[in-house]
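Undergrad: Sequential numbering of the sequence shown, starting at 145, is according to my numbering.
Beta carbons are placed, not taken as given, at the ideal position from N, Cα and C, and that holds for glycine.
Please read all numbers here as calculations on a predicted model, not as lab measurements.
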Amino acid sequence: MTVEQDHEQGRPQDRDHEQDPAGRWDPHALEARWLPVWDEAKPFASGLPGDERPGKYVLDMFPYPSGDLHMGHAEAYALGDVIARYWVQRGFDVLHPIGWDAFGLPAENAAIKRGVDPGVWTRQNIEQQKASMRRYACSFDWDRVLATCEPEYYRWNQWLFLRMHEQGLAYRRPSQVNWCPVDQTVLANEQVVQGRCERCGAAVTKKKLTQWYLKITDYADRLLDDMEQLQGTWPDKVLAMQRNWIGRSTGADVRFVVEGRDEPVTVYTTRPDTLHGATFFVVAVDSDLAEELVRDAEPGVRETFEAYLEAVRGTTEIERLASDRPKTGVFLHRHAVNPVTGERMPVWAADYVLADYGHGAVMAVPAHDQRDLDFALAHGLPVRTVVDVRDEAGEPLPDPAQSRVATSGDGVLVNSGPLDGLRKAEAIAAVSEQLAADGLGGPTTTYRLRDWLISRQRYWGTPFPIVHCEGCGEVRVPDDQLPVELPPSEGLDLAPKGRSPLAAATDWVSTTCPSCGGPALRDTDTMDTFVDSSWYFLRFLSPTSTTVPFERAEADRWMPVEQYVGGVTHAILHLLYARFFTKVLHDMGMVTPTEPFSRLLNQGMVQMDGSAMSKSKGNLVKLGEQLDEHGVDAIRLTMVFAGPPEDDVDWADVSPAGSARFLARAWRLARDVTSPVGADPSTGSGPLRRVTHRVVADAASLVEGLRFNVAVARTMELVNAVRKAIDDPAVGPADPAVREAVEAVAVLLSLVAPYTAEDMWATLGHEPCVARAGWPAVDESLLVEDTVTAVVQVMGKVRDRLEVPPGIGEDELRELAMASEKVVASIGGATVRRVVVRPPGLVNVVTG
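(1) So which of D261, C913 and E965 has the shortest CA-CA distance to R943?
(2) Of the residues R567, S210, R299 and C282, which one's Cα is nearest the Cα of A255?
(3) Helix or strand or just coil, what does DSSP make of D500?
(4) May I ask you to list the residues that DSSP assigns as paired with P663?
(5) For A722 versus P740, is the C-beta spacing smaller than 7 Å?
(6) Answer with buried or exposed for E463, where buried requires no fewer than 16 other C-beta atoms within 10 angstroms of its C-beta.
(7) Would you tell me roughly how many angstroms separate the C-alpha atoms of F425 and Y363, rounded to the nearest one?
(8) Run the CB neighbour count on G248, radius 10 Å, all protein chains shown included, and call it buried at 16 or more, exposed below.
(9) Just to check my reading of the structure: T859 and L813 have Cβ atoms closer than 8 Å, yes? What is that Cβ distance to the nearest angstrom?
(10) Taking 8 Å as the cut-off, does the segment 285 to 302 touch the segment 598 to 609 (at least 3 CB pairs, one atom from each stretch)?
(11) Along the alpha helix (DSSP H) that carries V348, what are the first and last residues, could you check?
(12) Expressed to the nearest angstrom, what Euclidean distance is found between the alpha-carbon atoms of G754 and A218?
(13) Considering only residues of the same chain and omitting the five flanking positions on each side of A878, which have a CB-CB separation below 7 Å?
(14) By the three-class DSSP mapping on this structure, what secondary structure does E570 have?
(15) Assuming V226 contacts V896 (C-beta within less than 8 Å), just tell me the rounded distance between them.
(16) L927: buried (16+ other C-beta within 10 angstroms of its C-beta) or exposed?
(17) By the three-class DSSP mapping on this structure, what secondary structure does M732 have?
(18) Rounded to whole angstroms, what is the Cα-Cα separation between H151 and D871?
(19) Is the segment 655 to 673 close to the segment 587 to 599, with three or more CB pairs under 8 Å?
(20) Report the CB separation of M507 from T588 in whole angstroms; it is logged as a contact under 8 Å.
(21) Can you check which of these residues, R666, Q328 and S659, is closest to A648 by C-alpha distance?
(22) Please report the distance separating the alpha-carbon of D432 from that of T656.
(23) Taking only the alpha-carbon atoms, compute the straight-line gap between S799 and T782 and give it to the nearest angstrom.
(24) Can you tell me which of the three DSSP states Y603 falls into?
(25) Is there contact between the segment 231 to 238 and the segment 196 to 214, where contact requires at least three CB pairs shorter than 8 Å?
(26) Between T650, V854 and R399, which lies nearest to F505 when the distance is taken from Cα to Cα?
(27) From this set, P483, F449 and H503, which residue's C-alpha is nearest W492's C-alpha?
(28) Quick check on the burial criterion: 16 or more other C-beta atoms within 10 angstroms. Buried or exposed for S925?
(29) Based on Cα-Cα distance, which residue from W389, E698, I610 and Q546 lies nearest to G191?
(30) Run through the segment 882 to 946 for me and flag every whole beta strand (DSSP E) of 3 or more residues, listed as ranges in chain order.
(31) Is P295 helix, strand or coil when you go by DSSP?
(32) Looking at C-alpha atoms only, which residue of A874, Q937, R867 and P984 is the closest neighbour of D955?
(33) I think W811 touches T900, with their Cβ atoms under 8 Å apart; what is that distance to the nearest whole Å?
(34) If distances are taken between C-alpha atoms only, which option among P912, M962, V914 and D923 comes closest to A934?
(35) Am I right that V967 and V990 are in contact with their C-beta atoms under 8 Å? What's the rounded C-beta distance?
(36) Considering only the beta carbon of each residue, do V321 and L353 sit closer than 7 Å?
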């Protein structure tokens with residue numbers, strides 16, 4: 145039911161009354177009246193001394209200060225606010241903080257475009273968003289505010305990095321990295337989406353750089369296994385995305401001797417049972433191994449390889465892995481030895497193998513892997529079937545060399561010497577055991593997950609607390625010298641150019657070594673901003689502490705976050721990193737839980753006419769204009785009522801004007817109540833009290849089940865019931881049950897329309913704030929149905945409906961049914977063969 149449909153049920157006199165100037169609901173007047181009151185009262189202050197209420201931590205993903213709030217913010221904060229306000233009403237001390245994810249490329253690029261300091265631009269936007277959040281009546285504790293660009297915050301980024309560095313979890317090494325040619329910085333694997341930069345959309349290339357990493361792979365198993373704690377409270381989609389990204393698989397390492405090389409090359413495979421079918425060996429063209437193998441190659445081989453490598457560097461990862469892409473490569477004039485057959489296998493460099501997958505090399509089994517087969521057919525390499533795969537009828541599949549289709553299914557091994565006749569699982573176990581016994585490999589587990597690359601070649605981020613000394617190497621900056629603050633941007637060219645702008649801040653870069661006192665240079669990269677957001681929820685616990693990132697006692701009181709609200713776009717990046725940080729901090733003894741967020745709600749997107757809002761599409765809806773036109777409460781109500789929170793909202797399909805009309809009707813109820821404060825509702829209308837208590841009880845379970853839109857619909861039903869009672873001469877506005885119902889409406893509306901609810905509460909004679917009024921008590925006896933409808937059928941056809949007590953017995957229900965005039969007439973002269981009775985709701989008379 146839409147708000148408009150609900151209003152179609154309204155009575156004509158209600159609509160006329162809405163236009164009465166003396167009783168006009170004015171959302172902007174309400175905002176001006178109550179916002180200063182809340183600023184002074186601070187109803188959502190949390191963790192105050194002496195507050196003995198049990199605690200709950202409700203958190204919204206903090207915003208990036210790129211400008212004013214938009215429609216997506218309006219939805220997310222409305223949903224989070226319902227949860228926070230509900231638990232306050234239920235008597236909990238709710239921690240509901242807000243801050244800003246304030247470092248990063250958007251601010252830096254905006255500053256470059258405008259010719260201003262990124263700090264100035266960022267802080268101006270923060271103030272603008274803060275004012276909009278206050279207007280939007282977000283239930284934030286405004287004494288717990290942070291911005292990650294402030295030294296008071298990023299000092300602790302550096303402190304945590306140093307602790308990880310001490311434990312070997314932070315390290316620096318040269319490697320092939322993802323490079324965004326537009327933003328001129330490296331990207332973590334998680335920031336590359338279908339081969340493109342997740343921020344600007346540019347095709348990502350590879351580049352070899354020395355970078356900082358965090359060893360998230362040490363936690364791969366725990367990140368997977370601990371998802372059991374989140375099952376049922378996190379969206380299944382998010383858990384599946386993280387499982388797929390971590391990508392744990394079991395198989396075997398196989399060591400191949402490469403002729404002319406002292407050390408064997410290790411290859412990982414999930415199908416060691418197919419080793420007899422390996423006919424050539426492929427290394428990633430951009431791998432260190434490929435470079436090594438051509439280093440002393442014959443004349444012409446190296447030149448051919450380098451030309452091929454240069455061509456591959458111009459392609460994206462997604463292009464290299466495309467199934468329909470021609471399989472290119474170069475023969476390196478080297479051979480590897482198959483460890484189970486002793487056969488010499490030609491070694492090729494190709495683009496369809498990636499340097500950072502496994503060990504950067506694969507054994508090619510073309511009969512049973514389509515990419516290997518395509519490559520073999522393109523370059524005239526042998527194809528040997530070693531698994532007899534059959535179709536559903538039991539017939540063998542065609543020879544891959546002829547059909548050009550690899551047979552990748554299960555089957556019985558053939559052409560595999562002692563493995564012939566074994567099935568897949570048996571053969572894998574046998575080969576793995578033999579490899580281990582011969583010292584040529586053995587069972588292993590591998591992961592898609594790679595260590596988290598956190599270096600960025602940009603200015604606007606956390607500086608690394610490391611200096612580079614010619615004599616001492618990498619040296620940690622002592623804790624008492626933190627924070628290592630960013631130098632002023634004045635005089636620096638922030639435009640991306642492939643190296644950090646900080647390198648030009650020579651006075652800042654040049655320093656002394658904390659170890660030997662000699663000259664040293666600061667590290668000029670800055671940290672990935674996902675470091676900032678990987679632990680910000682903990683800084684909210686002690687936002688002003690100058691001695692620790694957060695107090696352990698506060699972590700014990702508030703963690704884990706009870707309810708986290710934010711977009712599914714962060715399913716892998718932020719959420720995976722936050723889980724990793726929490727486990728590291730748990731191992732450091734700084735927090736007890738191993739998971740940061742107990743429950744996760746992913747809100748849908750706000751669209752217009754079926755597509756994402758954007759200026760270029762001409763479908764951008766500005767939140768500020770909507771607030772000015774309809775008022776805050778109407779927009780909040782519209783967002784919450786539009787549908788299940790995880791569904792997308794199409795602004796073209798909703799009606800803030802209809803929401804405003806409903807709020808006006810609800811608001812007028814308080815003006816109509818004439819019974820005094822404290823009037824005994826038990827002396828009032830029984831039917832209205834039953835509706836009130838059922839709605840309150842239902843609303844509680846619906847909010848806790850995150851079905852906010854249905855809770856709003858039930859509140860609308862209560863408003864309709866109250867209006868009918870007020871207009872009923874048998875009840876009227878003086879009935880104490882009417883006061884009870886309207887007070888309940890005010891409390892329910894406080895979750896979604898706080899200005900209207902506060903004004904109703906005051907009109908009803910109460911002091912502010914309705915947000916702390918307390919959830920209405922439910923009389924369980926009023927939830928019991930007085931009667932239920934029993935359906936009476938004759939030969940399966942409904943002939944009568946009887947109102948009967950819920951506890952009616954079988955015999956009594958049978959007698960009532962058989963005495964019904966409609967049933968008697970329907971039976972006529974037929975013989976009753978039996979009567980099926982299912983109290984209290986069904987009787988079926990069988991005749992014939």
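TA: Taking the definition as stated:
(1) Among D261, C913 and E965, the Cα nearest to that of R943 belongs to E965.
(2) Selected option, being the one with the closest Cα: S210.
(3) Of the three classes helix, strand and coil, the one that applies to D500 here is coil, per DSSP.
(4) T656.
(5) The answer is yes: Cβ separation under 7 Å.
(6) E463 comes out exposed.
(7) Between F425 and Y363, the C-alpha separation is close to 31 Å.
(8) Burial call: buried.
(9) The beta-carbon distance between T859 and L813, rounded to whole angstroms, is 12 Å. This is too long to meet the 8 Å contact definition.
(10) With a cut-off of 8 Å on Cβ pairs, the segment 598 to 609 is in contact with the segment 285 to 302, counting three or more such pairs.
(11) Looking at the DSSP string, V348 is not in any alpha helix (DSSP H), and its letter there is neither H nor E.
(12) CA-to-CA, the gap between G754 and A218 works out to about 18 Å.
(13) Excluding residues within five positions, the ones whose Cβ falls inside 7 Å are T818 and S819.
(14) Helix, per DSSP.
(15) In this structure V226 touches V896 by the C-beta definition: roughly 6 Å separates them, less than 8 Å.
(16) So L927 counts as exposed.
(17) DSSP places M732 in coil when its eight states are reduced to three.
(18) Annotation note: pLDDT 37 at H151 (below 50); position unreliable, coordinate value reported separately. The C-alpha of D871 is placed about 17 Å away from the C-alpha of H151.
(19) Yes, the segment 655 to 673 touches the segment 587 to 599.
(20) M507 to T588, Cβ: 14 Å. No contact.
(21) That would be R666, whose Cα lies nearest to the Cα of A648.
(22) Cα to Cα, the separation comes out at about 35 Å.
(23) As the crow flies, the alpha-carbon of S799 is around 7 Å from that of T782.
(24) Of the three classes helix, strand and coil, the one that applies to Y603 here is coil, per DSSP.
(25) Output reads yes: the segment 196 to 214 touches the segment 231 to 238.
(26) Here the sequence assigns Ala to residue 505, which means Phe is not the residue at that position. Among T650, V854 and R399, the Cα nearest to that of A505 is on R399.
(27) Taking W492 as reference, the option from P483, F449 and H503 with the minimal CA-CA separation is F449.
(28) With fewer than 16 other beta carbons inside 10 angstroms of its own, S925 counts as exposed.
(29) With distances taken between Cα atoms, G191 lies closest to E698.
(30) Given a length threshold of 3 residues, each whole run of the beta strand (DSSP E) inside the segment 882 to 946 is given here in chain order: 932 to 938.
(31) Three-state DSSP puts P295 in a helix.
(32) Of A874, Q937, R867 and P984, the residue nearest in Cα terms is P984.
(33) Cβ-Cβ separation between W811 and T900: approximately 5 Å, consistent with a contact (criterion under 8 Å).
(34) Minimum Cα distance to A934 is reached at M962.
(35) The pair is not a contact, with the Cβ atoms about 12 Å apart (cut-off 8 Å).
(36) Contact annotation: V321 and L353 have beta-carbon atoms nearer than 7 Å.
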